[in-house]
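Just below is one structure, and these are the notes that go with it.
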Amino acid sequence: MEIPYTVEARPDTGLTSGKIGIWLFLASEVMLFGALFATYIMLRVGAPEWPVGATILNVPLATLNTVVLITSSVTMVMAWASLMRRDLSKARMFLWATVALGGAFMVIKAIEYNAKFEHHLYPSESTFLAIYFTLTGLHAFHVLGGMVINAYFAGPGSKLWHTNPQWLTNRVEHAGLFWHFVDLVWIFLFPVLYLL
Amino acid sequence: MAETLHERAHAAEHHEELSFWWKYVFSTDHKIIGVQYTVTGLVFLFFGFCLMMMMRWQLAYPGQPLPLLGGLLGDVRAPGGAIAPDFYNQLGAMHGTIMVFMGVVPLAVGGFGNFVLPLQIGAPDMAFPRINMLSYQSYLLGGVVMLVSFFLPGGAAQSGWTSYAPLSDIAPMGQTAWLLGMVFLITSSLLGSINFIVTTIQLRAKGLTFMRLPFFCWAQFVTAFLLLLAFPPLEAAAVLQLMDRVAGTSFFLPTGLVVSGQVLEVSGGGSPLLWQHLFWFLAHPEVYVLILPAMGIVAEVVANNTRKPLWGYRSLVYSLIFLGFMSFIVWAHHMFLTGMGTTMASFFQTTTMIISIPSVVILTALILSLWGGAIRFNTAMLFALAFLPMFGIGGLTGLPLGLSSPDVFLHDTLYVIGHFHYVVAPGTIFALFAGVYYWFPKVTGRRMNETLGKLHFWPSLVFMNLIFMPMMIQGMAGVSRRLADGGQTYDFSDPVMGLNKVMSHAAYGLALAQIPFFLNFFRSIRHGEPVGPNPWNATTLEWQAPSPPPHGNFTEPIVVHRGPYEYSVPGAARDFCPQNQPVGA
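As they're listed, the protein sequences go chains E and V.
Per the working numbering, residue 104 is the first one in the first sequence, and the count goes up by one each step.
Per the working numbering, residue 12 is the first one in the second sequence, and the count goes up by one each step.
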């Protein structure tokens with residue numbers, strides 16, 4: 104039995120089911136991170152004093168990480184664009200590049216975390232560090248999730264190409280939407296935590 | 012992994028012999044998943060009810076050994092067989108959690124939504140069958156975590172179903188299990204809600220426009236949006252509380268918090284109020300998640316058994332959408348007593364009064380639908396009819412709670428408990444029973460017994476009212492909802508203490524009244540009266556498929572020509588015109 108509109112768009116909505124699904128998922132993610140940003144605001148407004156992020160956190164490393172993540176968004180788009188041009192091997196290369204850049208982000212993040220721990224700056228130390236570790240930690244989990252998905256489509260998932268290339272293209276597009284969202288969250292996290 | 016599971020499940024579907032595991036456990040068929048949800052939900056509902064019966068014994072006979080079970084609970088939970096206050100708190104917290112998150116919502120959305128929605132829109136299955144399977148498994152896992160938490164040192168969560176901080180932050184290990192369980196349950200409803208919305212948008216049969224959707228589908232559609240957007244903030248709150256409990260942060264712990272005479276050694280600076288905001292931002296829409304599918308079920312049963320169209324279909328739909336939208340901006344009416352300020356209180360009491368309008372419109376339209384109908388009083392219809400006044404009482408008793416000044420007096424009394432149980436127990440649960448009796452022939456191909464059904468309905472109706480009406484009387488006398496001895500320590504509650512015995516015996520009566528239901532349910536699966544595809548002469552699409560529907564649901568392509576409730580159309584050959592019957596045929 105075939106479920107209709109998984110590969111082809113439904114004429115009256117103009118969308119595939121997967122496209123709507125991923126946007127709905129992102130809407131729920133907006134609510135998740137929205138609630139956490141609201142938490143940040145409420146705690147900061149209620150605090151008698153609040154440190155400037157740059158005095159505790161490493162701004163140059165975070166700037167580097169921002170560049171890494173934005174670059175990975177570019178390679179993600181290139182992967183999808185290659186599939187649209189029906190070039191699987193190029194697409195797989197770009198997907199692996201995205202995974203590698205995600206990995207680079209995680210390594211830099213780990214260096215940052217380690218430096219904090221060495222100075223005994225744990226989440227339990229202050230409200231600022233608590234929200235810093237929670238927000239960036241949850242974001243890092245999302246990066247990790249995105250890496251797993253992209254690695255799947257670059258590796259075993261790419262077999263779908265031989266039976267249904269359009270479906271694989273759609274799925275990579277959806278994975279890309281998720282990846283850009285994760286990127287976007289970081290674009291908000293960086294100024295809020297490090298600069299303000 | 013999921014890929015291979017699916018392939019194997021898919022392969023199994025095409026073979027004549029299906030192994031038990033692939034057919035009933037790892038199924039991706041929305042009908043099997045709907046049944047899985049329904050059965051699991053009913054089991055949890057019964058389990059939550061058992062917890063409540065233990066509490067009711069303690070309230071009626073404080074300090075006396077619990078009959079039958081008392082000896083089995085162990086010395087920590089029940090020294091000498093009498094329930095200890097700590098264990099009473101666990102029972103209370105878990106009763107709420109289980110009933111709401113593992114009983115009613117999975118039944119109303121996971122059970123009925125999964126089984127009925129794709130059939131009613133003429134779809135072969137859900138848009139994402141595998142995600143549907145994962146949604147059920149995640150729910151089951153969350154449920155198991157919650158159950159296991161009873162056996163942890165210190166027992167299950169005991170800070171109320173609302174898990175208010177800072178109490179929950181410093182509670183024993185069971186609270187961590189509660190949070191982990193909630194993360195699974197939230198994941199489950201997130202996956203489910205995406206599936207419901209996409210299925211409704213994408214898989215409607217040809218000709219089935221949104222204004223031809225049965226009201227039940229609309230209710231599920233709006234409910235799915237509430238689940239999708241309201242649950243993530245609770246997930247955020249759960250993450251923050253987990254951090255507090257595991258990593259030692261102070262999101263919900265204020266500076267200088269004193270526990271057992273000792274200042275807590277934490278960094279402080281947190282806000283207990285923050286938890287309440289995040290929790291109620293979910294939990295108020297959650298109230299509508301509990302009630303909207305129930306309204307949907309009642310609308311289907313009422314239209315079918317009055318043999319006439321629903322009164323004001325469009326106003327029903329618009330009210331529903333408005334209700335869903337408003338439910339996101341009323342949450343702080345649960346927090347009038349937290350000192351959040353009168354400006355905030357005024358805002359939230361105004362939105363609360365506004366949200367009562369669409370609820371009244373929906374209830375009024377359903378009551379007006381009865382006008383001039385040739386009503387068939389079968390069991391499903393009796394439960395649906397009882398829903399109307401019971402939900403009415405529940406709704407109207409909520410108005411004083413939504414206004415900040417009477418709420419100062421009524422907050423945290425048993426009046427609140429009486430109010431929301433009227434909405435959820437004789438309200439939603441009656442609607443769910445109506446749904447079970449109504450769609451049972453579609454699931455099994457057999458009808459449930461009417462006599463046993465009426466033996467189930469009438470005592471249930473009487474006992475429900477005997478439980479919850481006295482509760483509101485006690486609440487108005489000022490009895491708090493969280494006392495393990497039912498309020499005996501306070502002199503002012505003396506005049507209403509006798510009611511505790513009435514309510515407890517009514518609760519045991521209610522348990523006995525469920526026996527005909529269980530007998531009927533299990534007996535009818537094999538020995539019920541066999542019926543054809545459309546035993547109720549209904550118009551909506553699920554009745555145009557065989558009973559039970561095969562894999563893929565419909566035997567022929569479905570094209571919709573009509574609105575959902577074309578009953579008693581003048582000049583038509585029969586008193587119902589199915590949605591797929593061409594106009595003029």
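Glycine residues also receive a C-beta, built at the ideal position from the N, C-alpha and C atoms.
For residue i, the three-state DSSP class (helix, strand or coil)
i	result
V/Phe37	coil
E/Ile290	helix
V/Glu567	coil
V/Thr51	helix
V/Tyr576	coil
E/Lys262	helix
V/Ala584	coil
V/Ala167	strand
V/Lys217	strand
V/Glu297	helix
V/Ser415	helix
V/Ser491	strand
V/Gln273	strand
E/Leu118	strand
V/Val90	For clarity, residue 90 of chain V is Pro in the given sequence; the question names Val instead. Residue state, collapsed to three classes: helix.
V/Thr266	coil
V/Pro96	helix
E/Glu221	helix
V/Thr424	strand
V/Pro623	A question about residue 623 of chain V goes unanswered here, because the residues of chain V that appear run from 12 up to 596.
V/Pro369	helix
V/Gln590	coil
E/Pro163	helix
E/Glu152	coil
V/Gly539	coil
E/Met104	coil
Residue i, buried or exposed, once every other Cβ within 10 Å from all chains shown has been counted against 16
i	result
V/Asp418	buried
V/Gly273	At residue 273 of chain V the sequence reads Gln, which differs from the Gly that was named. Exposed: under 16 other Cβ atoms inside 10 Å.
V/Lys217	exposed
V/Tyr299	buried
V/Leu289	buried
V/Leu224	buried
V/Gly416	Note on identity: in this sequence residue 416 of chain V is Ser, with Gly being the wrong assignment. Exposed, since its Cβ has fewer than 16 Cβ neighbours within 10 Å.
V/Arg215	buried
E/Asn267	exposed
Nearest neighbour of residue i, chosen from the options [CA to CA]
i	options	result
V/Met306	V/Arg318, V/Gly403, V/Leu275 and V/Gln213	V/Gly403
V/Ala71	V/Leu510, V/Leu523 and V/Pro575	V/Leu510
V/Leu377	V/Met392, V/Leu399 and V/Pro369	V/Leu399
V/Gly280	V/Glu311, V/Trp342, V/Gly267 and V/Cys588	V/Gly267
V/His432	V/Ser38, V/Tyr35, V/Gly107 and V/Phe98	V/Gly107
V/Leu201	V/Phe565, V/Gln148, V/Trp172 and V/Met222	V/Gln148
V/Ala395	V/Gly91, V/Phe336, V/Asn316 and V/Ser179	V/Asn316
V/Leu84	V/Phe98, V/Phe55 and V/Pro73	V/Phe98
E/Trp264	E/Thr166, E/Leu191 and E/Tyr255	E/Leu191
V/Ala294	V/Leu245, V/Phe263, V/Val427 and V/Val371	V/Leu245
E/Leu224	E/Leu160, E/Tyr255, E/Thr272 and E/Leu298	E/Leu160
E/Tyr235	E/Pro114, E/Tyr255, E/Phe136 and E/Ser131	E/Phe136
V/Pro112	V/Gly323, V/Leu53 and V/Val513	For clarity, residue 112 of chain V is Phe in the given sequence; the question names Pro instead. Nearest C-alpha to V/Phe112: V/Leu53.
V/Glu577	V/Arg318, V/Leu253 and V/Ala241	V/Arg318
For residue j and residue i, believed in contact at Cβ under 8 Å, the rounded distance
i	j	result
E/Val110	E/Thr116	Actually they do not touch by this definition, with Cβ atoms about 14 Å apart.
E/Leu129	E/Thr174	In fact, because the Cβ distance is near 21 Å, the residues do not count as touching under 8 Å.
V/Thr210	V/Ala138	4 Å
V/Gln213	E/Ile290	V/Gln213 to E/Ile290, Cβ: 31 Å. No contact.
V/Met346	V/Leu425	That pair is no contact at about 19 Å.
V/Pro135	V/Asn460	No, V/Pro135 and V/Asn460 are not in contact; Cβ-Cβ is about 32 Å, not under 8 Å.
V/Tyr448	V/Thr390	5 Å
Residue-level contact to chain C via CB, residue i, 7 Å cutoff
i	result
V/Ala258	No chain C is part of this structure, whose protein chains are labelled E and V.
- Report yes or no: do the segment 42 to 52 of chain V and the segment 466 to 479 of chain V share at least 3 C-beta pairs separated by less than 8 Å? no
- Message: Quick check: the segment 184 to 196 of chain V against the segment 164 to 171 of chain V, are at least 3 beta-carbon pairs closer than 8 Å?
- Response: The segment 164 to 171 of chain V vs the segment 184 to 196 of chain V: in contact.
- Query: So does the segment 234 to 242 of chain V actually touch the segment 224 to 237 of chain E, counting three or more Cβ pairs closer than 8 Å?
  - Reply: no
- Message: If contact is defined by three or more beta carbon pairs under 8 Å, each pair taking one atom from either stretch, is the segment 248 to 259 of chain E in contact with the segment 128 to 145 of chain E?
- Response: no
- Task: Would you check if the segment 543 to 555 of chain V and the segment 579 to 592 of chain V touch, i.e. whether three or more CB-CB distances between them fall below 8 Å?
- Result: yes
- Stretch pair the segment 251 to 263 of chain E + the segment 207 to 223 of chain E: three plus CB contacts closer than 8 Å: no
- Query: Any chance the segment 122 to 129 of chain V sits against the segment 75 to 91 of chain V, with 3 or more Cβ pairs inside 8 Å?
  - Reply: no
- Cβ contact check for the segment 493 to 509 of chain V and the segment 435 to 454 of chain V: 3 or more pairs under 8 Å: no
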